[in-house]
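**Q**
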Amino acid sequence: MDDFDEAEYVERLRAWLDERAGSAPKRSVLAPQDEVAITARRAWQRELADAGYLGVTWPERHGGAGGVPAQRILVERELDARGIAGGLDFVGLDMIGPTILACGTPEQCERYLPPLLRAEEVWCQLLSEPGAGSDLAAVQTRARRADDGSWVIDGQKVWTSFARHAAFGIMLARTDPDVPRHKGLTVFLVPMDSAGITIRPLRQITGDAEFNEVFLDGLVLPDAARLGGPGEGWKVAVTMLSFERLAVGSGHLSTPVEELVAAVAPARQDPRVRVRLGQVASDLLALHGTSARLMEEIASGRVPGPEAGLVKITSVLSSLAACRLAADVGGPGALLQPLWGNQISALPGVRSAGGTEEIIRNQVGERVLGLPPEPRAST
85 MDDFDEAEYV
95 ERLRAWLDER
105 AGSAPKRSVL
115 APQDEVAITA
125 RRAWQRELAD
135 AGYLGVTWPE
145 RHGGAGGVPA
155 QRILVERELD
165 ARGIAGGLDF
175 VGLDMIGPTI
185 LACGTPEQCE
195 RYLPPLLRAE
205 EVWCQLLSEP
215 GAGSDLAAVQ
225 TRARRADDGS
235 WVIDGQKVWT
245 SFARHAAFGI
255 MLARTDPDVP
265 RHKGLTVFLV
275 PMDSAGITIR
285 PLRQITGDAE
295 FNEVFLDGLV
305 LPDAARLGGP
315 GEGWKVAVTM
325 LSFERLAVGS
335 GHLSTPVEEL
345 VAAVAPARQD
355 PRVRVRLGQV
365 ASDLLALHGT
375 SARLMEEIAS
385 GRVPGPEAGL
395 VKITSVLSSL
405 AACRLAADVG
415 GPGALLQPLW
425 GNQISALPGV
435 RSAGGTEEII
445 RNQVGERVLG
455 LPPEPRAST
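Listed below in structure tokens is the structure:
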């Protein structure tokens, strides 16, 4: 499909979207307690997947369309231009699915990817803990190997998005406490309805309860639930974090430029507003090009490197600057608009998603620029 006809593809895509103009859900903030909206978004994800407009570059044997990155970019641009939502489960689609593709066995890919793509099974991440957030290698959730080869898991996870709606979670646990901490970790694929799992919602400043804390008490998993080898969890986790940073920075949480232009329109003759608008819009538009290049590399089988972190940092900081500009022009009334009110409340917390800016900048400094490593108390 490398020689696809772009004009024909876009024409077919637009015709398909035109037929669904009245039923396709609009892009909006999805509240975890809004069951009606979640059901509609789940059905819409299934329609997109069945038509080949989700999982565009995934192999056909795993439910994807077997397409090329340019097709995925065209789909995303058309959805953005129409203000139409993507899939319900962007955590699964853009973070966990690619990780299973990169690290999973053929049997795991066959089992988990098609229902993930069609939103039949929504996913969540079981990574952070009360004592292990940005320092993810400090996780203390313990997985102990039983005599029959299964794993018995005890611990606590926190800041787990949409855990109450998830069928599965991808979990990082410590399987060997006697080796350096980065080497004693393993990743598991966890059915969220298993005995031994308790989920409690956490109310946020936005009023929503997107995040949850998850308690694991004597959870038993078969060895087939392991993603990667025992002790290879850090490699799998870093792979997933790279996909997460790219997903966060590529538009899921960034500010639409068109929305910002409309918000500052009343003050567009003010030179100070025009300068700030130009700076923010330039950064946000530049992200599209960088993200497109990284998507092409991912489709060729490469896991995104430290540059994905820079995409994430730029996206979040530029979106924060956009929110400040919209609030400065619109005054307190800007907080009553769903886009600006939610982003102003949520974006400061998003600065930690996929790793804090400090962690990411250290990685870029050490791995890309070759700067001396930061002092570390432990390894």
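Mapped onto our numbering, the consecutive letters of the sequence shown carry residue numbers 85 to 463. Think of the CB as a built atom: it goes at the ideal place given N, C-alpha and C, for glycine as much as any other residue. Because the structure is a prediction, the values reported are computed rather than measured.
Who are the near neighbours of Leu177 in its chain, counting only those whose CB is closer than 6 Å to its CB and skipping five residues on each side?
**A** The residue given as residue 177 occupies position 93 in the sequence shown. Leaving aside the five residues that flank Leu177 on each side, the residues in its chain whose CB is nearer than 6 Å to its CB run, in chain order, Gly171.
**Q** Rounded to whole angstroms, what's the CA-CA distance from Ala308 to Arg130? Just pull it up for me.
**A** Numbered from 1 along the sequence shown, position 224 holds the residue referred to as residue 308. Numbered from 1 along the sequence shown, position 46 holds the residue referred to as residue 130. Their Cα atoms are separated by approximately 27 Å.
**Q** Quick check on DSSP: helix, strand or coil for Ala135?
**A** Here residue 135 corresponds to residue number 51 of the sequence shown, with the count starting at 1. Ala135 falls in the coil class under three-state DSSP.
**Q** Give me the Cα-Cα distance between His336 and Val298, rounded to the nearest whole angstrom.
**A** Reading the sequence shown from its first residue, position 252 is the one you call residue 336. Reading the sequence shown from its first residue, position 214 is the one you call residue 298. Model confidence at His336 stands at a pLDDT of 49, short of 50, so the residue's coordinates are unreliable; what they give is reported in the following sentence. His336 and Val298: Cα-Cα distance of roughly 24 Å.
**Q** Since Phe252 and Val274 are thought to touch, with beta carbons under 8 Å apart, how far apart are those beta carbons, to the nearest angstrom?
**A** As a working note, residue 252 is residue 168 in the sequence shown. As a working note, residue 274 is residue 190 in the sequence shown. About 6 Å; that satisfies the 8 Å criterion.
**Q** CB Val152 to CB Phe88, shorter than 9 Å?
**A** Sequence index remark: in the sequence shown, residue 152 carries index 68 (1-based). Sequence index remark: in the sequence shown, residue 88 carries index 4 (1-based). Going by C-beta atoms, Val152 is nearer than 9 Å to Phe88.
**Q** Are there 16 or more other CB atoms within 10 angstroms of the CB of Ser107, so buried, or fewer, so exposed?
**A** Position 23 of the sequence shown holds residue 107. Ser107 comes out exposed.
**Q** May I ask you to report which of helix, strand or coil DSSP gives Ile444?
**A** As a first step, residue 444 is located in the sequence shown; it is residue number 360 there, counting from the start. Correct three-state label for Ile444: helix.
**Q** Answer yes or no: do Ala365 and Leu344 have a C-beta to C-beta separation smaller than 9 Å?
**A** Working through the sequence shown from its first residue, we reach residue 365 at position 281. Working through the sequence shown from its first residue, we reach residue 344 at position 260. In this structure, the beta-carbon distance from Ala365 to Leu344 falls below 9 Å.
**Q** Between Arg111 and Ala165, what straight-line distance do the alpha-carbon atoms span, to the nearest angstrom?
**A** Position 27 of the sequence shown, counted from the start, is the residue given in the question as residue 111. Position 81 of the sequence shown, counted from the start, is the residue given in the question as residue 165. Computed Cα separation, rounded: 10 Å.
**Q** Measure the Cβ-Cβ separation of Pro390 and Leu330 and say whether it is below 9 Å.
**A** Residue mapping note: residue 390 aligns to position 306 of the sequence shown, counting from 1. Residue mapping note: residue 330 aligns to position 246 of the sequence shown, counting from 1. The answer is no: Cβ separation not under 9 Å.
**Q** Which first and last residues belong to the beta strand (DSSP E) in which Leu305 is found?
**A** The count along the sequence shown starts at 1 and reaches residue 305 at position 221. Looking at the DSSP string, the run of the beta strand (DSSP E) that includes Leu305 is Phe295 to Leu305.
**Q** Okay, do the region 226-243 and the region 138-157 touch, 3+ Cβ pairs below 8 Å being the bar?
**A** The region 226-243 vs the region 138-157: no contact.
**Q** Alpha carbons only, please: which of Ile397, Leu409 and Asn446 is nearest the one belonging to Val359?
**A** For the purposes of this step, residue 359 is taken as residue 275 along the sequence shown, with counting starting at 1. When each option's Cα is compared against that of Val359, the closest is Leu409.
**Q** Residues in its own chain within less than 7 Å of Leu286 by CB, not counting five upstream and five downstream?
**A** Counting from 1 along the sequence shown, the entry for residue 286 is found at position 202. Taken in chain order, the residues that qualify are Ala293, Phe295, Asn296 and Glu297.
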